[in-house]
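Asks: Read in order, the letters of the sequence shown correspond to residues 3 to 272 in our numbering.
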Amino acid sequence: MKKIVSLVCVAALAVSMLAGCSSKKEETKAAETTTAATEESAGETTAAKDSGKLVMATEAGFAPYEYTEDGKTVVGVDVDIANEIAKAMGKELEIQNMTFDGALLAVQQGTADFAAAGISVTPERQELMDFSIEYATSKQVVVVKKDAGKITAPEDVKEGTIAGVQMGTTADYYCQDIACEVKQFNKYAEAAMELNNGKLDCIVMDSLPAEQLVAANENLEILDGELFTDKYAIAVKKGNTELLDQLNEVLQKLVDEGKVDEFTINHTTK
């Protein structure tokens, strides 16, 4: 009887040990599964972070640097430059169109790799972001009808002047600030027609497209001197020196080869 009881106890103990082993194996398996899932999740996060895309934040209302022709697709000088940068880095360019302030904030928060939106470098902005080399100098000149007489020098462009500008450009904002009577156009060719017809006193525009415009309109001329000059750079997150170095390498090459000027002409004389 004792033997039978002993055997029963031994059997019970064995079952208990097997159950314990089984439970331990399940716990181990579960822990391994959790670890694998965590590692897989981390891998996905890393892959998502390095998705092969280069994200550009911009505000597409600043022709010729960034604008839309169909209300959706963003094009312009900065987009052409960004495409060259993405190509050199072996990445796909993704453009995020937002407000200008939003574009600068996206860079600071790291939700965009860089911002390109005709951005002027200021001491205040340099405290919050890092900037590339200045890749574009926007020299604004005044185009008039020959022998018209009313506007004879850049300083004559002032309050009350009927000035033609391309919508959203630095000239547009400048002329509004000094209280000109501003007439906005999508294309400079349209403004040239109005100037020839005596409906404008002048056109305020970048010097490069101005040269092209005057070459195509013998009744027009560029006044000596400039109205103002602005310079643009690309903004990146503070401390992102690796990306900044890559940007600068491509930008310097584009500037040296005259590509930035070429992009500007392409987007202002079409």
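Ideal placement from N, C-alpha and C gives every residue a C-beta, glycine not left out. Bear in mind that the values here come from a model prediction, so they are computed numbers and not experimental data.
For Val79 and Thr70, which I take to be in contact (beta-carbon distance under 8 Å), what is that distance rounded to the nearest angstrom?
Replies: The Cβ separation is near 14 Å, so there is no contact.
Asks: Do Ala150 and Gly227 have their C-beta atoms within less than 9 Å of each other?
Replies: Taking C-beta atoms as the reference points, Ala150 and Gly227 fail to come closer than 9 Å.
Asks: Measuring straight from C-alpha to C-alpha, what distance separates Glu61 and Glu68?
Replies: 7 Å
Asks: For Val257, which option in Glu86, Met58, Gly54, Gly73 has the closest C-alpha, if you only look at C-alpha atoms?
Replies: Glu86
Asks: Of the residues Val145, Cys204, Ala59, which one's Cα is nearest the Cα of Gln110?
Replies: Ala59
Asks: Around the C-beta of Asp179, are 16 or more other C-beta atoms found within 10 angstroms, so that it is buried, or is it exposed?
Replies: exposed
Asks: Flag this pair as touching only if the region 176 to 190 and the region 123 to 136 have three or more C-beta atom pairs under 8 Å; answer yes or no.
Replies: no
Asks: Grab the span of the alpha helix (DSSP H) containing Phe64 for me, first residue to last.
Replies: No alpha helix (DSSP H) holds Phe64; DSSP gives it neither H nor E.
Asks: Where does Phe265 land, buried or exposed, given buried means 16+ other C-beta within 10 angstroms?
Replies: So Phe265 counts as buried.
Asks: Determine the direct distance from the alpha carbon of Asp232 to that of Thr139, and round the result to whole angstroms.
Replies: 6 Å
Asks: Which same chain residues end up closer than 8 Å to Asn198 when comparing Cβ atoms and leaving out the 5 residues on each side of it in sequence?
Replies: Taken in chain order, the residues that qualify are Lys147, Asn219, Asn221, Leu222.
Asks: The alpha helix (DSSP H) that contains Val216, what's its start and end?
Replies: Boundaries of the alpha helix (DSSP H) harbouring Val216: 209 to 218, taken from the DSSP string.
Asks: Apart from the five residues on each side of it in sequence, which residues of its chain come closer than 6 Å, Cβ to Cβ, to Glu96?
Replies: Lys55, Val57
Asks: Please return the same chain residues whose Cβ sits closer than 7 Å to the Cβ of Pro66, not counting the five positions on each side in sequence.
Replies: Gly78, Val79, Thr266, His269, Thr270
Asks: Using only the alpha-carbon positions, how far apart do Asp263 and Ile153 sit?
Replies: 28 Å
Asks: Do three or more CB pairs link the region 98 to 118 to the region 239 to 246 at distances below 8 Å?
Replies: yes
Asks: Between Val167, Lys261, Glu259, Glu244, which has its C-alpha nearest Met91's C-alpha?
Replies: Glu244
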